[in-house]
Structures are given as structure tokens and as C-alpha cells.
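Student: Those letters in the sequence shown? Residues 28 to 481, per the UniProt record's numbering, in order.
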Amino acid sequence: GAYLSAIEGANGALNAYVATTADKARAMAAASDERLTRGEAGALEGIPLGVKDLFATEGVHMQAASHVLDGFEPRYESTVTANLWADGAVMLGKLNMDEFAMGSSNESSHYGPTVNPWRRTGSDVALVPGGSSGGSAAAVAAHLCAGATATDTGGSIRQPAAFTGTVGIKPTYGRCSRWGIAAYASSLDQAGPIARDVRDAAILLRSMASVDAKDTTSVDREVPDYEAAVGRSVKGLRIGIPREYRVEGMPSEIEDLWTKGIAMLREAGAEIVDVSLPHTKYALPAYYIVAPAEASSNLARYDGVRYGLRVPGRDIAEMYENTRASGFGREVKRRIMIGTYVLSAGYYDAYYLKAQKVRTLIKRDFETVFHDGIDALLTPATPSAAFAIGDENLAKDPVAMYLQDVFTITVNMAGLPGIAVPAGLSAEGTPLGLQLIGRPFDEETLFAAASVIE
Ligand code: GLN
């Protein structure tokens, strides 16, 4: 009830929720109360959560912030949200995002941009909450939910978390089921939570993670009690500082933040080690081949026949064209065109195959440092603090926007877990985050180290 009125009060200005599910929330809360009185409380009993619009929830309108899914109501529930409800959580509504999770600012949403609840000191300029899970991050930061589901294909959990002073973790690829989440780039997509602090993120991830027969890439591996890792000593942990992440033109405040994070971990007893990940600079260009290639294939299903929008034409081919032409936004069309181009006969070897080979090299870089005894890596989460909505340089230059993910994309390419944790404020008084990258399925070390920094 309190959350629903808070949303009513604040969402007009933030545009974080695209819809609330008030009736569902009340029914779920009532059922939760009953379980509580019966003494059958689940791990998340009564906890009110927001759901990124990329997740299917049964009977609730879902659009992935795209016009092409107008009117679509899934008849099924994503495994991640089903897990959360099974533990007693309550659904408040659907959260805004970049269209089909493509973007780093939430500006590609069909619903219009989400506004970051943070402002620069002494300024009214509206800032982006990051993307693509910008609605999730903004809602958590503004206390419009206790936590939120999000997804991360190339930084979409961690960058918005960094821009809003929240905690976001992208777990190891395969930790959460992708069933019922609209696919962007299937070999990179992972679900994870955005939460107010490291402990909440740990509790939520434990509930979200599971092996699932409906997603054969989900992994059959016990889900540890992540909460137990929060606050665990980092004494003796070896934290790697990858020198290639000291990118050219990095603002000094990001550099200083990183130095501060290093000092905090060292003080807590961790050993700091300089390491090298030599193929880092190829991650971003390779990602922008692999991700659009997979997206062009995944988005072929939105043809006006099976889901949502249908714009008629003289024949079926024209109906496809009309539907897709009016259904997809600019950024999504750009990705589909890049994707079909790099997959086309004659270019496949030069682009897609090459990018896959680069991906293997990036993965090996990480394997080498972990093999050498590094337990986790510390890097900045983003190259800057939150920028203004409509920032001219970024609006005109898609590549400048793609650079937002320079520190986060390597992690998806290698399938590793990564957490963004708030670590300080920019000169303008807005949040900045650091990122910890871990070994496959070692989210626990990330929770332990992140709780030293937050
Ligand atoms: N900004 C990146 C992209 O647009 C990452 C998005 C994501 O992680 N979903 O592809």
C-alpha cells in the first residue's frame, strides 16, 4: 500500500514504472499475510518488487518498451519472477527500459525516458538513470520498490546501478534462467537484481537463480546462501587491477574513485595485484558484432503474426514490412541492420566469425589471471557519472553511447559475474560506482568484496 501510493506520487516525474499492477499486488500481499499468520513465511515474504518490462509475467501486459509488442499479454511467467513469487515477493508493476534492452540511457524506450532521481548539485537538469535497466535502477533509488529485476547483456544492470547509487549484480551466465525474458542477444543475456544495498542484492539473487529445464543454458549447480557472504572477511583475497582499464581520457574523478576502492580493499586485508587483460580493447567492437547479430535473429519473430502489433498491407510480405517499420524504434532498427549485415554471406567470416574468435581471446585473458590466483578484479563501473537526458554529443553519435559500456561488456563476453557497487560521488554530487568481476559461479566473493566498498 505504502509503495503503491509512493509510486502514484513520484512516478509522474520519473517515468520509472510503465504500469503498476495494483490489484495483483494487493492480492499477492493478502496471500502473503495469510502465509505469515500461518507461520509459513518464504525468504522474500511480502517484499514488494518491480519487474523490468523485458520479463513476461502471466496476464500482465508486456512490451519490452517497444511499439512492436503493443497489446501483448503473455500467458506464461518467466522463471526468474516465478521464483521470486514462490518465495513470497509481491509484484508492484512493470519498469521502463531501453527498447528491447538496447541502449545505455533509457532514451530508446517507446514510453519515453526514465528520469534519474539524482540531480547535480544546484542544477535542475534531468539526468539519465543509465540503461537498459534504467527504470529498475531509478525505482530502487527513489524507494518506489524494495528491489527490482533487471537484465544485463553488456552492462545493463551495472551501469544503471552505478548511475543511481544502487547495487546491481550480473551473475555468471547460466546462473538464472532466461525463460520468459524477451531475448536480445541470447549468448550474453543474464538476469540479476538491482537493490538498495549488497545484502538485498544477495538475498534477491539467491531467489532468482535456478536451473531450469526450459533454458538449457541454465546451470545445475547449488545456489549458495549469498547473504552469508556479505560482510565475510576479504583477508588474503587477491584482487587484480587490470591495467588496460585505465583507458585514455578517463576522468580524474573516476581514477580517484578506483584508487579509493583499492585502498579500502587493501585496508580490509586483501592483496592488490596489477594484472593485464591484453585483449580488453577489442571487447567493445566485438560485442557490437555479436550482440546485433544475435538480436537480428531473435527479433525476426516480431512479424505481425504472432505477437502484439500488426499493421496491414496488401499481402503478407507488406504486412511484415509495415509492422516492423512502424513497430521498431531507430536504435533497434540500427542493430537489426548491423546484425543482418555481419551475418550475411560473404561478410560472415570477416565479421561474425572474427568477433567470436576475439571473444574467446577475451575469455582466455580472464582465465589466465584467475589461474594465476586472482580471486576477483576491481575496475570502475562506468567511464562517467550520469549524463543529461538528450545530451547532444551522445544523441548524435551512437558510438559515443556504446562507449558507456567499455568496462562492463568484457564481463558478458566472458560469461563472468560482475557487480556494481556505489563508491562515492562525482564533483557534481551524483553517484559513481565500482565494479568487481569474479570467477565463474563465484558470486560470493563479489558480495564479500562489494560489502567492503559500499
Ligand atoms: N548498452 C548496451 C547495448 O545497448 C548493453 C545493453 C544491455 O546490457 N542490455 O547493447
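Glycine residues also receive a C-beta, built at the ideal position from the N, C-alpha and C atoms. Remember, it's a predicted structure, so these values are computed and weren't measured experimentally.
Using CA coordinates, which residue listed in 260, 241, 232, 269 is at the minimum distance from residue 251?
Tutor: Checking every option, the nearest Cα to that of residue 251 belongs to 232.
Student: Can the beta-carbon of residue 219 be found closer than 7 Å to that of residue 184?
Tutor: In contact: residue 219 and residue 184 (Cβ atoms closer than 7 Å).
Student: Would you say residue 182 touches the ligand FMN, meaning its beta carbon is less than 6 Å from a heavy atom?
Tutor: In the structure on display, the ligand FMN does not appear, and the ligands it does have are the ligand GLN.
Student: DSSP three-state call for residue 162: helix, strand or coil?
Tutor: Of the three classes helix, strand and coil, the one that applies to residue 162 here is helix, per DSSP.
Student: Check for me: the beta strand (DSSP E) holding residue 218 runs from which residue to which?
Tutor: Run containing residue 218: 217 to 222, per the beta strand (DSSP E) assignment.
Student: According to DSSP, simplified to helix, strand and coil, what is residue 90?
Tutor: Three-state result, residue 90: coil.
Student: Please confirm if residue 28 has its CB atom under 7 Å from at least one CB of chain C.
Tutor: In the structure shown, chain C cannot be found, because there is only a single protein chain.
Student: At what residues does the alpha helix (DSSP H) containing residue 283 begin and finish?
Tutor: Run containing residue 283: 279 to 294, per the alpha helix (DSSP H) assignment.
Student: I'd like the list of long-range same chain contacts for residue 285, defined as Cβ closer than 6 Å, with 5 residues on each side in sequence excluded.
Tutor: Closer than 6 Å at Cβ, skipping near neighbours: 407.
Student: May I ask whether a heavy atom of the ligand GLN can be found less than 6 Å away from the beta carbon of residue 445?
Tutor: No, Cβ of residue 445 sits at least 6 Å from all heavy atoms of the ligand GLN.
Student: Using C-beta distances below 6 Å, list every residue in its chain close to residue 294, excluding the 5 sequence neighbours before and after it, in chain order.
Tutor: No residues qualify anywhere along the chain.
Student: Roughly how many whole angstroms lie between the Cα atoms of residue 271 and residue 305?
Tutor: Distance between the alpha carbons of residue 271 and residue 305 is about 7 Å.
Student: Would DSSP call residue 509 helix, strand or coil?
Tutor: The shown model of the chain, from 28 to 481, leaves out residue 509, and the question about it has no answer.
Student: Taking 7 Å as the cut-off, decide whether the C-beta atoms of residue 78 and residue 108 are in contact.
Tutor: Cβ distance < 7 Å, so residue 78 and residue 108 count as in contact.
Student: Based on the DSSP secondary-structure assignment, which residues constitute the bridge partners of residue 445?
Tutor: According to DSSP, residue 445 bridges with 197, 464.
Student: How would you label residue 387, buried or exposed, when you count the other beta carbons within 10 angstroms and need 16 or more for buried?
Tutor: Exposed: under 16 other Cβ atoms inside 10 Å.
Student: Is residue 261 closer than 7 Å to residue 297 when the C-beta atoms are compared?
Tutor: Yes; because the gap between Cβ atoms is below 7 Å, this pair is in contact.
Student: Could you give the uninterrupted runs of the alpha helix (DSSP H) lying entirely in the region 59 to 139, keeping only those of 4 residues or more?
Tutor: DSSP runs (the alpha helix (DSSP H)) wholly in the region 59 to 139: 106 to 113.
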